[in-house]
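Novice: Numbering (my numbering), first residue to last: 9 to 183.
Glycine is no exception: its CB is placed at the ideal position from the N, C-alpha and C atoms.
(1) Helix, strand or coil: how does DSSP classify residue 85 here?
(2) Assess, as a yes-or-no matter, whether the stretch 56–66 is touched by the stretch 143–156 under the definition of 3 or more beta carbon pairs within less than 8 Å.
(3) Below 8 Å, how does it come out for the stretch 123–143 and the stretch 96–108: are there three or more Cβ pairs, yes or no?
(4) State yes or no: is the C-beta of residue 34 within less than 8 Å of the C-beta of residue 114?
(5) Thinking C-alpha only, which one of 81, 42, 65 is nearest residue 170?
(6) Where residue 26 and residue 89 are concerned, what is the direct C-alpha to C-alpha distance, given to the nearest angstrom?
(7) Mind pulling the alpha helix (DSSP H) runs of 4 or more residues that sit fully within the stretch 114–181?
(8) Bridge partners for residue 59 per DSSP, in chain order?
(9) In chain order, what residues of the same chain have a beta carbon less than 7 Å from the beta carbon of residue 166, not counting five sequence neighbours either side?
(10) Counting along the chain, where does the alpha helix (DSSP H) carrying residue 39 start and finish?
(11) Could you check which residue in 133, 105, 132, 178 has the C-alpha nearest to that of residue 118?
(12) Would you decide whether residue 156 is buried or exposed? Buried here means 16 or more other CB atoms lie within 10 Å of its CB.
(13) Whole angstroms are fine: how far does the CA of residue 174 sit from the CA of residue 168?
(14) In chain order, what residues of the same chain have a beta carbon less than 6 Å from the beta carbon of residue 122, not counting five sequence neighbours either side?
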């Protein structure tokens with residue numbers, strides 16, 4: 009009898025467990041208390057996204073504040089590591105907005121393939137990977153295991169508009 013009760017309880021709870029697991033990426037973003045920002049036009053002679061086969065290459069994004077202005081500063085001098093992590097997370101949200109604009113629905117994403125992260129930092133700043141974790145952690149929170157990706161985290165002496173962080177990514181779509 010105990011086995012039957014256990015099986016019945018599992019059958020009753022199964023749809024709820026599946027519903028929690030089957031949240032769309034957009035629903036997961038909302039559950040994190042976040043929202044995809046409006047996309048903005050490119051600031052130079054490039055396009056935000058290029059599709060080839062089932063891959064989408066997204067141009068680098070530099071973080072914009074709530075006022076729409078670019079965040080600026082050099083990490084290790086003007087910007088703390090924690091602020092830079094937040095900027096990388098904002099870059100990832102902007103990338104997801106650009107990706108959604110390109111493909112229409114983030115559920116079409118099979119996996120995040122690669123992330124490139126650039127940190128405008130002082131010569132003695134050496135925790136670029138921690139900064140780019142702001143983007144990587146968000147992608148894993150939104151896509152789960154399929155959000156895990158290959159990555160580069162590189163320190164540079166300057167970025168466009170004086171940004172502290174720039175992040176780019178490659179996503180694979182379902183066929």
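Specialist: In terms of the structure at hand:
(1) coil
(2) no
(3) yes
(4) yes
(5) 81
(6) Annotation note: pLDDT 41 at residue 26 (below 50); position unreliable, coordinate value reported separately. Going from the Cα of residue 26 to the Cα of residue 89 covers about 37 Å.
(7) 136–151
(8) 64
(9) 128
(10) 33–39
(11) 178
(12) exposed
(13) 9 Å
(14) 157, 158, 178
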